[in-house]
Amino acid sequence: MVLPLASCGSDASPSAGVRGDVTVFAASSLTDAFTEIGDAFTAAHPDAKVTFNFAGSSELVTQITQGAPADVFVSADESNMAKLLDAGEQAADPVVIARNSFEIIVEGGNPRHITGVADLADPSLLVVLCAPDVPCGKGAATILSNAGVEVTAKSLETKVKGVVTKVTAGEADAGIVFVTDVIAAGASAEGVSIPDDVNVISKYPIVVTKQAPNPDAATAFVAFVASGAAQAILARYGFLSP
Amino acid sequence: MRDRARPRGGGAELPGPILVLAVLAVVFFALPLVGLLWRAPWSHAWTYLTDDAALTALRLSLLCSFWATLMSVVFGVPLAWLLARVSFPGRGVVRALCTLSMVLPPVVGGVALFFALGRRGIVGQYLDRWFDIRLPFTTAGVVVAQTFVAMPFLIITVEASLRQLDQRFEDASRTLGATRWYTFRRVTLPAIRPALIAGAVLAWARALGEFGATITFAGNFPGTTQTMPLAVYLALERNPEEAIVLALVLIVISFAVLVGLRDRWFGRSDQRDPTVHA
Numbered sequence: 657m658v659l660p661l662a663s664c665g666s667d668a669s670p671s672a673g674v675r676g677d678v679t680v681f682a683a684s685s686l687t688d689a690f691t692e693i694g695d696a697f698t699a700a701h702p703d704a705k706v707t708f709n710f711a712g713s714s715e716l717v718t719q720i721t722q723g724a725p726a727d728v729f730v731s732a733d734e735s736n737m738a739k740l741l742d743a744g745e746q747a748a749d750p751v752v753i754a755r756n757s758f759e760i761i762v763e764g765g766n767p768r769h770i771t772g773v774a775d776l777a778d779p780s781l782l783v784v785l786c787a788p789d790v791p792c793g794k795g796a797a798t799i800l801s802n803a804g805v806e807v808t809a810k811s812l813e814t815k816v817k818g819v820v821t822k823v824t825a826g827e828a829d830a831g832i833v834f835v836t837d838v839i840a841a842g843a844s845a846e847g848v849s850i851p852d853d854v855n856v857i858s859k860y861p862i863v864v865t866k867q868a869p870n871p872d873a874a875t876a877f878v879a880f881v882a883s884g885a886a887q888a889i890l891a892r893y894g895f896l897s898p
Numbered sequence: 012m013r014d015r016a017r018p019r020g021g022g023a024e025l026p027g028p029i030l031v032l033a034v035l036a037v038v039f040f041a042l043p044l045v046g047l048l049w050r051a052p053w054s055h056a057w058t059y060l061t062d063d064a065a066l067t068a069l070r071l072s073l074l075c076s077f078w079a080t081l082m083s084v085v086f087g088v089p090l091a092w093l094l095a096r097v098s099f100p101g102r103g104v105v106r107a108l109c110t111l112s113m114v115l116p117p118v119v120g121g122v123a124l125f126f127a128l129g130r131r132g133i134v135g136q137y138l139d140r141w142f143d144i145r146l147p148f149t150t151a152g153v154v155v156a157q158t159f160v161a162m163p164f165l166i167i168t169v170e171a172s173l174r175q176l177d178q179r180f181e182d183a184s185r186t187l188g189a190t191r192w193y194t195f196r197r198v199t200l201p202a203i204r205p206a207l208i209a210g211a212v213l214a215w216a217r218a219l220g221e222f223g224a225t226i227t228f229a230g231n232f233p234g235t236t237q238t239m240p241l242a243v244y245l246a247l248e249r250n251p252e253e254a255i256v257l258a259l260v261l262i263v264i265s266f267a268v269l270v271g272l273r274d275r276w277f278g279r280s281d282q283r284d285p286t287v288h289a
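Keeping their order, the protein sequence lines are chains A and W.
Mapping of the first sequence onto my numbering: residues 657 to 898, in sequence order.
Mapping of the second sequence onto my numbering: residues 12 to 289, in sequence order.
If you want it as structure tokens, here you go:
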């Protein structure tokens, strides 16, 4: 489904008009993948320059509605994108460019031998989750209720990286985070997969903003993210194709 | 404040440009507060304020910041005294080390506390194994994180005051036969009291607003580790109106303490100064 788009990325000739700065406001879970996509974009369009602002999706929406000069906004969930749409800040309809699912994160080597969601109910395990107010916590709560498992978390983190830090530092035994977070944590962490029938899939929509200072380059960037080259990069960081 | 200005000749003689800059600085600090007040949802404020979760977070914040201040005084004053009065090799390094947490990003401070006091930490593993003490995810962990970032404010303030203090008063006390401890208690401590209180208030304010080290080291759990700043942060994700109200509560409390204590204690310090330097 993504393959036909690959041709878009490779024909560099009609892209000669893409120039100037493109400012991309992207969810922090996209930091590594989008930095690489930005390099690939400027390699294809040498007259363009991409600047990123990575932060939590809700912070980014606040910044944009308060007048921050964003050309492109990428949200880690649809509800924050909806906030931007409610404020009428979009130039076109958003497009989903990636999806992400959840995994149980454990320390590298899985010392507590956790095999699935049901194991998290063990009261001797130190489990940390995200707070239900942030996307990763909403997902974790849904997964636990889908699986019919009751978990007493020791902490409800404000950010998904807080869960990762506590598990990789050995302070917590397990947590529920995005698959991409487990991959980003490297060898110090390991993922235990959550079956599809209880898992939650989150979508990453992208949009050109209404106030975009450079709408042409912004549109080109959005098209590039949908291209095969960029999709291959996203896949390498653990994102699912849209 | 007004009472204080009069004997010193009044503030109206300030050069114009300085006055303008000073007023701009006041506006710079006042405007964001005005912005919060302007956007605050006054009609719903009471509902947010009386919310159980908010009250729990507030109670925890007051409790933890009180303990962090107490810890800062108990350990910080002796440390300030050591730094001000005892000349030893590497004193500059020790001073820098003890104020390091002021410049360290608090989140990094929290991770560093893991490596020191967490269940795999240098000391923490023995606390866990021998004494069954675990600091992460506990209220005591919040106090540790807050003390770590707040104590330097007290150390710096008290050390500066000890350095300015005329040591002849202490010498006189000693020649009159007072013990070191008596001199410290009856001569040194009263003389540095304004600085001690200023330092304690600064440390308290820093502890009250602490976010990064707390969330990293102690986590966020309502009733045990969720302090007001953490509750405000989460409210911002859920309902920005509620976050503004909760933030205003923190501001009002710190205002009451800062304004109340300053006028009370700093007035005295000004009257004391001339006698000390006489």
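Using N, Cα and C, we set each Cβ at its ideal position, and we do this for glycine too.
Which residues in chain D have a C-beta closer than 8 Å to the C-beta of residue 734 of chain A? List them in chain order. The structure shown contains no chain D; the protein chains it does contain are A and W.
Residues of chain A with CB under 9 Å from residue 193 of chain W, in chain order? Those do not exist, as residue 193 of chain W stays about 46 Å from chain A at its closest Cβ, beyond 9 Å.
Neighbour flag for residue 848 of chain A against chain W, beta carbons, 8 Å: Judged by the 8 Å Cβ criterion, residue 848 of chain A is not in contact with chain W.
Using a Cβ-Cβ distance cut-off of 8 Å, determine whether residue 111 of chain W contacts chain A. no
Using 8 Å as the limit for Cβ to Cβ distance, is residue 810 of chain A near chain W? It does: the Cβ of residue 810 of chain A has a partner Cβ on chain W nearer than 8 Å.
Just to confirm before moving on: does the CB-CB distance between residue 896 of chain A and residue 766 of chain A stay below 8 Å? no
Within-8 Å CB hit, residue 789 of chain A to chain W: yes
Nearest-angstrom beta carbon gap, residue 259 of chain W and residue 124 of chain W [assumed within contact, 8 Å]: Incorrect: roughly 30 Å between the Cβ atoms, too far for contact.
Using alpha carbons as the reference points, say which of A:861, A:683, A:673, A:727 lies closest to residue 749 of chain A. A:861
Inter-stretch contact at 8 Å, needing at least 3 Cβ pairs: the stretch 823-838 of chain A / the stretch 778-785 of chain A: yes
Nearest to residue 268 of chain W by alpha carbon, out of W:140, W:254, W:212? W:212
Could you name the residues of the same chain whose beta carbon sits closer than 7 Å to that of residue 743 of chain A, not counting the 5 residues immediately before and after it, in chain order? 721
Nearest chain W C-beta to residue 668 of chain A closer than 8 Å, yes or no? Note that residue 668 of chain A scores a pLDDT of 42, beneath 50, so its modelled location is shaky and nothing firm can be said.
Proximal residues of chain W, C-beta to C-beta of residue 714 of chain A below 8 Å: The contacting residues are 247, 248.
Under a Cβ-count criterion, where at least 16 other Cβ atoms within 10 Å of its own Cβ denotes burial, should residue 112 of chain W be classed as buried or exposed? A residue is called buried once 16 or more other Cβ atoms fall within 10 Å of its Cβ, and residue 112 of chain W is buried on that count.
Can you list, in chain order, the residues of its chain whose CB lies under 6 Å from that of residue 705 of chain A, leaving out five sequence neighbours each side? 677
Taking buried to mean at least 16 other C-beta atoms within 10 Å of its own C-beta, is residue 76 of chain W buried or exposed? buried
Cβ contact (3+ pairs, closer than 8 Å) linking the stretch 216-227 of chain W and the stretch 119-135 of chain W: yes
I need the DSSP call for residue 811 of chain A, collapsed to helix, strand or coil. strand
So, for residue 661 of chain A: in the same chain, excluding its five sequence neighbours on each side, which residues have a beta-carbon less than 6 Å away from its beta-carbon? Confidence in residue 661 of chain A is poor, its pLDDT being 43 and thus under 50, which makes the residue's placement unreliable; the coordinate value appears in the next sentence. Cβ neighbours of residue 661 of chain A beyond the five flanking positions: 882, 883, 884.
Interface residues of the stretch 774-786 of chain A facing chain W [CB-CB below 7 Å]: The residues in question are 784.
Rounded Cβ spacing between residue 256 of chain W and residue 41 of chain W (contact assumed at less than 8 Å): Rounded, the Cβ-Cβ distance is 19 Å, inconsistent with contact.
Under 8 Å (Cβ pairs) to chain A, residues found in the stretch 39-62 of chain W: none
In chain order, what are the residue ranges of uninterrupted beta strand (DSSP E) at least 3 long that sit wholly in the stretch 776-830 of chain A? Complete beta strand (DSSP E) runs here, min 3: 783-786, 811-813.
Find the nearest neighbour of residue 245 of chain W within the set A:806, A:715, A:892, judged by alpha-carbon distance. That would be A:715, whose Cα lies nearest to the Cα of residue 245 of chain W.
Looking at chain W, which residues of the stretch 823-834 of chain A have a Cβ within less than 7 Å of any of its Cβ atoms? 825, 826, 827
Does DSSP put residue 173 of chain W in a helix, in a strand, or in coil? Note: residue 173 of chain W maps to helix in three-state DSSP.
Just by C-beta distance, which residues in the stretch 117-141 of chain W are closer than 7 Å to chain A? 122, 125, 129, 130, 131
Could you check if residue 177 of chain W is buried or exposed, using at least 16 other CB atoms within 10 Å of its CB as the buried criterion? exposed
7 Å Cβ cut-off: residues of chain A touching residue 148 of chain W: 810, 811
Which bits of chain W does residue 771 of chain A rub up against, with CB to CB less than 7 Å? Per Cβ cutoff of 7 Å: no residues; residue 771 of chain A is ~23 Å from chain W at best.
For chain A, check one thing: does any of its Cβ atoms lie closer than 8 Å to the Cβ of residue 223 of chain W? no
Listed by chain order, chain A residues near residue 241 of chain W by CB distance under 8 Å: 814
Which two residues bound the contiguous beta strand (DSSP E) that contains residue 751 of chain A? Its beta strand (DSSP E) spans residues 751-763.
Cα-Cα, which of W:83, W:38, W:117, W:69 is closest to residue 166 of chain W? W:83
List the residues of chain A that residue 227 of chain W touches, going by C-beta distances under 8 Å, in chain order. 818, 821
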